[in-house]
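Residue numbers (my numbering), protein chains in the order written: chain A, 36 to 158; chain B, 246 to 375; chain C, 702 to 805.
Ideal Cβ positions, reconstructed from N, Cα and C, are used throughout, including at glycine.
Single-structure report; data block below.
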Amino acid sequence: MMPSKKKHILIVNQSAPYSSSNAKESLDIALAAGAFEQSVAILFTGDGCYQLLPDQSPEKMHSKNISQMLKVLPIYGIDKLFVDEQSLSSRNIVLLDESMTHTKVTQLEIQALYQEATTVFRF
Amino acid sequence: MIFSILVLGAPFNSQSAYSAFRFTQAALASGQTIYRVFFYQEGIHNSSSLATPPQDEFDLYQAWQDLKEQYQLDFVTCIAAAARRGLLNESEAKRHNKSASNIASQFDLAGLGQLVEASALSDQVITFGH
Amino acid sequence: MILHTLNKTQSNTELNQQLLIACSSNDSVLLIEDGLYQVLAPQLFSDKKHWSSKTSNVYALLEDAKARGIDFNKLDPQLEHIQFISYAEFVALAAEHNNTVSWY
Numbered sequence: 036m037m038p039s040k041k042k043h044i045l046i047v048n049q050s051a052p053y054s055s056s057n058a059k060e061s062l063d064i065a066l067a068a069g070a071f072e073q074s075v076a077i078l079f080t081g082d083g084c085y086q087l088l089p090d091q092s093p094e095k096m097h098s099k100n101i102s103q104m105l106k107v108l109p110i111y112g113i114d115k116l117f118v119d120e121q122s123l124s125s126r127n128i129v130l131l132d133e134s135m136t137h138t139k140v141t142q143l144e145i146q147a148l149y150q151e152a153t154t155v156f157r158f
Numbered sequence: 246m247i248f249s250i251l252v253l254g255a256p257f258n259s260q261s262a263y264s265a266f267r268f269t270q271a272a273l274a275s276g277q278t279i280y281r282v283f284f285y286q287e288g289i290h291n292s293s294s295l296a297t298p299p300q301d302e303f304d305l306y307q308a309w310q311d312l313k314e315q316y317q318l319d320f321v322t323c324i325a326a327a328a329r330r331g332l333l334n335e336s337e338a339k340r341h342n343k344s345a346s347n348i349a350s351q352f353d354l355a356g357l358g359q360l361v362e363a364s365a366l367s368d369q370v371i372t373f374g375h
Numbered sequence: 702m703i704l705h706t707l708n709k710t711q712s713n714t715e716l717n718q719q720l721l722i723a724c725s726s727n728d729s730v731l732l733i734e735d736g737l738y739q740v741l742a743p744q745l746f747s748d749k750k751h752w753s754s755k756t757s758n759v760y761a762l763l764e765d766a767k768a769r770g771i772d773f774n775k776l777d778p779q780l781e782h783i784q785f786i787s788y789a790e791f792v793a794l795a796a797e798h799n800n801t802v803s804w805y
């Protein structure tokens, strides 16, 4: 069965890492979609921006390092990472982990991301 | 229209699992196609074979099972999300040396590839979350 | 043309704000579960910073309203445009849109 329209997945990360399973379980979907060569974009918005803070070291609390895992995404062909600039400024986040290629987006650009997607996953 | 449904909530804990059930049921009754119902995060609890609601409460577990049989639906529970949360079928229980299994036979255990496939082959994936 | 489903009250400010940003004028919003409580606060629907300022295509799931004691016959007049629908109509509504995006 061939899909009739070009598919594009938008994954919206709006949860902070470590306190819930959302960041990890969102990432698992991103990796699966990448492995199946789907077109994927990831939007970090709201508290999801905290996933991109530098110098995370959760090892002592027996947790996998979310930011390290995010850096693997380009290997799976996922390089469209977008960050809500309004969420950054309202949270006083000035410095993100620059080893992760990302693009800051405006509210209008965010609206376009939702309109372009054929499936939206939200965590 | 071909829908797939993503269920992220457990029965009783939140209304989302019930809303997902009612939507799925209504879609089928009106002749729409449900390609797959995929259970992820806390949604995996919908596939429990042991959960036992009180007699005077709606049994959503039974309702899902009956719906699956009635329409021959494809129910997939995420294998990793389920194992983490203590739901195993027989082969997983054997594989991990656990003493029992507790997933209803109507639910297949599989990876997220099945969710990705559902999004590729359905017109829409509708999420019920909490 | 997106159908947005919203299942939270206005007290989840971040969620409602994100919906405001994502929503465009061709889109529709369907209130389900706790989202129904928003119709008890008609002042929201004239607030420029509320998602209702983006679209006038607003629907509400009748059963969820009834469960919560919300009588659609007794709503503030400025909410007349809100259509209360059944699950069957929810399905039809989703089928009429290009995509359904859930806010929870």
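(message) Judging by CA-CA distance, which residue of Leu45(A), Cys84(A) and Leu66(A) is the nearest neighbour of Ile128(A)?
(response) Locating residue 128(A) in the first sequence gives position 93, where the first residue counts as 1. The option with the nearest alpha carbon to Ile128(A) is Cys84(A).
(message) Please state whether the Cβ-Cβ distance between Leu116(A) and His137(A) is less than 7 Å.
(response) Locating residue 116(A) in the first sequence gives position 81, where the first residue counts as 1. Locating residue 137(A) in the first sequence gives position 102, where the first residue counts as 1. Cβ atoms of Leu116(A) and His137(A): closer than 7 Å.
(request) Give me whichever residues DSSP pairs with Leu707(C) in a beta bridge. (result) Position 6 of the third sequence, counted from the first residue, corresponds to residue 707(C). The partner list for Leu707(C) (beta bridge, DSSP) reads Leu732(C) and Trp804(C).
(message) Can you tell me whether Phe352(B) is helix, strand or coil according to DSSP?
(response) Position 107 of the second sequence, counted from the start, is the residue given in the question as residue 352(B). Phe352(B) falls in the coil class under three-state DSSP.
(message) Suppose only complete runs of 3+ residues qualify. What are the beta strand (DSSP E) ranges in the segment 273-330 of chain B, listed by chain order?
(response) 278-284 and 320-323
(message) To the nearest angstrom, how far is the alpha carbon of Ser726(C) from that of Leu45(A)?
(response) On the third sequence, residue 726(C) is found 25 positions in, with the first residue counted as 1. On the first sequence, residue 45(A) is found 10 positions in, with the first residue counted as 1. Distance between the alpha carbons of Ser726(C) and Leu45(A) is about 20 Å.
(request) Look up Gln121(A) in the DSSP assignment and say whether it is helix, strand or coil. (result) As a working note, residue 121(A) is residue 86 in the first sequence. Three-state result, Gln121(A): helix.
(message) Pull the bridge partners of Ser249(B) from the DSSP assignment, please.
(response) Here residue 249(B) refers to the residue found at position 4 of the second sequence. According to DSSP, which records beta bridges pairwise, Ser249(B) is partnered with Arg281(B) and Val370(B).
(request) Would you mind telling me which residues of chain A sit closer than 9 Å to Gln286(B), beta carbon to beta carbon, in chain order? (result) Looking up residue 286(B) in the second sequence gives position 41. Within 9 Å Cβ-Cβ: Ser56, Asn57, Glu60 and Phe158.
(request) Could you have a look at Gln91(A) and say whether DSSP puts it in helix, strand or coil? (result) Numbered from 1 along the first sequence, position 56 holds the residue referred to as residue 91(A). Looking at Gln91(A) - three-state DSSP - the assignment turns out to be coil, as it is neither helix nor strand.
(message) Taking DSSP's pairing of strands, which residues face Arg157(A) in a bridge?
(response) Here residue 157(A) is taken as the residue at index 122 of the first sequence, counted from 1. DSSP lists Val47(A) as the bridge partner or partners of Arg157(A).
(request) Give a single yes or no on whether Thr756(C) has its beta carbon closer than 6 Å to a heavy atom of the ligand FMN. (result) Within the structure as shown, the ligand FMN is missing, as the structure has no ligands at all.
(request) Could you confirm whether any beta carbon from chain A is found closer than 7 Å to the beta carbon of Val802(C)? (result) By one-based count along the third sequence, residue 802(C) stands at place 101. With 7 Å as the cut-off, Val802(C) counts as an interface residue toward chain A.
(message) Less than 8 Å between C-beta atoms, sequence neighbours within five positions excluded: which residues of the same chain meet that for Pro298(B)?
(response) For the purposes of this step, residue 298(B) is identified with residue 53 of the second sequence, where counting begins at 1. For Pro298(B), where only same-chain residues beyond five positions count, the Cβ hits under 8 Å are Pro256, Phe257, Asp304, Leu305 and Tyr306.
(request) On the DSSP bridge assignment, give the partners of Lys139(A) in chain order. (result) Position 104 of the first sequence, counted from the first residue, corresponds to residue 139(A). Lys139(A) pairs with Val118(A).
(request) Would you tell me roughly how many angstroms separate the C-alpha atoms of Gln49(A) and Leu716(C), rounded to the nearest one? (result) Your numbering for residue 49(A) matches position 14 in the first sequence. Your numbering for residue 716(C) matches position 15 in the third sequence. Between Gln49(A) and Leu716(C), the C-alpha separation is close to 9 Å.
(message) At the 7 Å Cβ level, is Pro38(A) part of the contact set with chain C, yes or no?
(response) As a working note, residue 38(A) is residue 3 in the first sequence. Because the pLDDT of Pro38(A) is 49, which lies under 50, any placement of that residue in the model is unreliable, and the number read from its coordinates should be weighed accordingly. Output row for Pro38(A): interface = no.
(message) Quick check on Gly81(A) - is its C-beta less than 7 Å from some C-beta in chain C?
(response) Reading the first sequence from its first residue, position 46 is the one you call residue 81(A). At least one CB of chain C lies nearer than 7 Å to the CB of Gly81(A).
(message) Counting only beta-carbon separations shorter than 7 Å, does Ala271(B) have a partner in chain C?
(response) What you label residue 271(B) is simply residue 26 of the second sequence in a count that begins at 1. Yes, Ala271(B) counts as interfacial toward chain C.
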